[in-house]
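1 is the number of the first residue of the sequence shown in my numbering; add one for each residue after it. Even glycine gets a Cβ: it sits at the ideal position worked out from N, Cα and C. Structure, as structure tokens:
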Amino acid sequence: MGDNRLELMKKHVSSMLQFEEGVIGLVSVSHPYPFHPQIDGLDLLLLVITSSACSRPSIEHLRMEGQRVMIRRTTCVGLEQWVSNGSDGRIIEWLLRGDVVFDKESFLEQIKARISQFPDELMKRKLLVEYEAFLKSCLQAKQNLSDGFQFDAHNDIIKTLNHYAHMELLEAGLHPEPSVWRQMRRFHPGIYKLYEELTTSPETLEQRIQLVLLACEFSIMSKMRSCSSLIFHILESREEPWSIMELASHPSMNGLHVDLTLILQKLVQRGYVREVAVMADPRESDALELRYKLPR
Numbered sequence: 001m002g003d004n005r006l007e008l009m010k011k012h013v014s015s016m017l018q019f020e021e022g023v024i025g026l027v028s029v030s031h032p033y034p035f036h037p038q039i040d041g042l043d044l045l046l047l048v049i050t051s052s053a054c055s056r057p058s059i060e061h062l063r064m065e066g067q068r069v070m071i072r073r074t075t076c077v078g079l080e081q082w083v084s085n086g087s088d089g090r091i092i093e094w095l096l097r098g099d100v101v102f103d104k105e106s107f108l109e110q111i112k113a114r115i116s117q118f119p120d121e122l123m124k125r126k127l128l129v130e131y132e133a134f135l136k137s138c139l140q141a142k143q144n145l146s147d148g149f150q151f152d153a154h155n156d157i158i159k160t161l162n163h164y165a166h167m168e169l170l171e172a173g174l175h176p177e178p179s180v181w182r183q184m185r186r187f188h189p190g191i192y193k194l195y196e197e198l199t200t201s202p203e204t205l206e207q208r209i210q211l212v213l214l215a216c217e218f219s220i221m222s223k224m225r226s227c228s229s230l231i232f233h234i235l236e237s238r239e240e241p242w243s244i245m246e247l248a249s250h251p252s253m254n255g256l257h258v259d260l261t262l263i264l265q266k267l268v269q270r271g272y273v274r275e276v277a278v279m280a281d282p283r284e285s286d287a288l289e290l291r292y293k294l295p296r
């Protein structure tokens, strides 16, 4: 089927979807997986945004006039969370690359402008998510290598490098692309070289992992402060120390899936955050609650 016929089908389906109850936005994306056409095989994606949860399926796969169509439904709150959390990089690509078919009250226009401008708060959230994953996978690689599980350590260090690449791109105000190593080859040849060393070097697997671990462990230290700026921003908002639950439930942390305990312990060890023991309950004088504040 030619592109003209695909466009006609897109307009026909879109016209039906935008009149569903509660729909406030509709984005169409032709060939939504340009980097994986053999794997995904979809011809058209329709992203439907609703004002509230609806009874229709959140995902539908349809075949229309010989074309494979996927319909994704989410609420405006759900879309905000997808964009803020960065849990699925394809969402941002779809929003930037897709055609806005219907946009009640300019909701999608505002979302796309926010992505393009990459506001400070959004960058801080994404950096914290990537740094936590970078830290955790690096520590896991080191542990597996120490335990003699080289293949598991190799798998972990590949993940570590991917998060490393994402952090560098985010700090430069760029969104990571699905083919991130093609992007990194142009943007940061040094990190790309690490990836090459890990995959093509003639040294033993253990030596290759150790080489990359050294570079990543240095970056854990050097990027700790900048990538944890969201936590610092919360801590400095009041004089009193914060409990772990208060930090986790702060609006700025809403929807972020990060191991705050791991990050806080590293920040305390580095001296960036001060650990304070307080008596939370006078009836339990033997138990002191640990809270956190910025050093003065």
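N- and C-terminal bounds of the beta strand (DSSP E) containing Asp99: Asp99 to Asp103
Could you spell out the range, first to last residue, of the beta strand (DSSP E) harbouring Tyr292? Where Tyr292 is concerned, the enclosing beta strand (DSSP E) starts and stops at Glu289 to Lys293.
Roughly how many whole angstroms lie between the Cα atoms of Gly98 and Ser84? 19 Å
Give the secondary structure of Ile39 by DSSP, where H, G and I count as helix, E and B as strand, and everything else as coil. Model confidence at Ile39 stands at a pLDDT of 40, short of 50, so the residue's coordinates are unreliable; what they give is reported in the following sentence. Correct three-state label for Ile39: helix.
Cα-Cα separation, Glu132 to Glu80: 21 Å
Output needed for Ile234: all residues of its chain with C-beta closer than 8 Å, excluding positions within five of it in sequence on either side, in chain order. Trp242, Leu247, His250, Ser252 and Met253
For the region 194-207 against the region 118-129, are there 3 or more C-beta pairs whose distance is under 8 Å? no
Is the separation between the beta-carbon of Cys227 and that of Thr160 shorter than 8 Å? no
Of the listed residues Gln183, Ser222, Glu236 and Gln150, nearest to Thr204 (C-alpha basis): Gln150
Heavy atom of the ligand SAM within 7 Å of Ser179 beta-carbon: Because no ligand of any kind appears in the structure shown, any question about the ligand SAM cannot be addressed here.
Considering just the uninterrupted stretch of the beta strand (DSSP E) at Glu275, what are its terminal residues? Arg274 to Val278
Could you pull the start and end residues of the alpha helix (DSSP H) that Gln18 belongs to? Looking at the DSSP string, Gln18 is not in any alpha helix (DSSP H), and its letter there is neither H nor E.
Neighbourhood of Gln38 by C-beta distance below 8 Å, restricted to the same chain and skipping five residues each side: Per-residue confidence for Gln38 stands at a pLDDT of 41, beneath the threshold of 50, marking its modelled position as unreliable; no derived number is given.
Beta bridge counterpart(s) of Glu60 as assigned by DSSP: Ile71
Just reading off the beta strand (DSSP E) that Val48 is part of, what are its end residues? Leu44 to Thr50 is the extent of the beta strand (DSSP E) around Val48.
Met221 versus Lys266: straight-line alpha-carbon distance, rounded: 9 Å
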